[in-house]
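S.K.: Residue numbers (my numbering): 1 to 129. By construction, the Cβ of each residue, glycine as well, lies at the ideal position given by its N, Cα and C atoms. If you scroll down you'll find the structure; I have some questions about it.
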């Protein structure tokens, strides 16, 4: 199976030279995803809404590549304020439930734009029946 690039259509992907996701065989690698609504290019102010948007964007990229959220085996979270961690983890619990991928949380000084509170990247492996 050839490598396949997934895009949201955001002009920034072409400018910065990256893909939202790369599908390579039974693996999907989803790039760091922030909380923008890619339809409106608006980002909510709160961590909970940003996190939900991140996971929605990740799910859409995975679905486009033939994967599901249940295929996620690894996630890395970058947040800009440790005070947001509990609210963010509540969203993670809603999204991942029993999927429970291996995860890492990093608190960083900042992301690309100051309004970004979170960025999430994931790796998925297609499950076989």
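Looking at the structure shown, is residue 94 part of a helix, part of a strand, or coil, going by DSSP?
M.R.: helix
S.K.: Excluding the 5 residues preceding and the 5 following residue 87 in the sequence, name in chain order all residues of the same chain whose CB lies nearer than 6 Å to its CB.
M.R.: Once the five neighbours on either side are set aside, the close Cβ partners of residue 87 are 47, 48.
S.K.: For the alpha helix (DSSP H) that contains residue 52, what are its first and last residues?
M.R.: 47-64
S.K.: Evaluate residue 112 with the Cβ neighbour count: other Cβ atoms within 10 Å of its Cβ, from every protein chain shown; 16 or more gives buried, anything less gives exposed.
M.R.: exposed
S.K.: From what residue to what residue does the alpha helix (DSSP H) around residue 15 run?
M.R.: Taken as a continuous stretch (DSSP letters only), the alpha helix (DSSP H) holding residue 15 covers 11-16.
S.K.: Assign residue 34 to one of two classes, buried (16 or more other C-beta atoms within 10 Å of its C-beta) or exposed (fewer than that).
M.R.: buried
S.K.: Are the region 54-74 and the region 14-21 touching by the rule of at least three beta carbon pairs closer than 8 Å?
M.R.: yes
S.K.: With burial defined as no fewer than 16 other Cβ atoms inside 10 Å of the residue's Cβ, what is the status of residue 6: buried or exposed?
M.R.: When all chains shown are included, residue 6 counts as buried.
S.K.: Please classify residue 116: is it buried, with 16 or more other beta-carbons within 10 angstroms of its beta-carbon, or exposed?
M.R.: buried
S.K.: Could you pull out every residue in the same chain whose Cβ sits closer than 8 Å to the Cβ of residue 106, ignoring the five residues on either side in sequence?
M.R.: 76, 77, 78, 79
S.K.: Could you check the C-alpha separation between residue 64 and residue 72 for me, to the nearest Å?
M.R.: 14 Å
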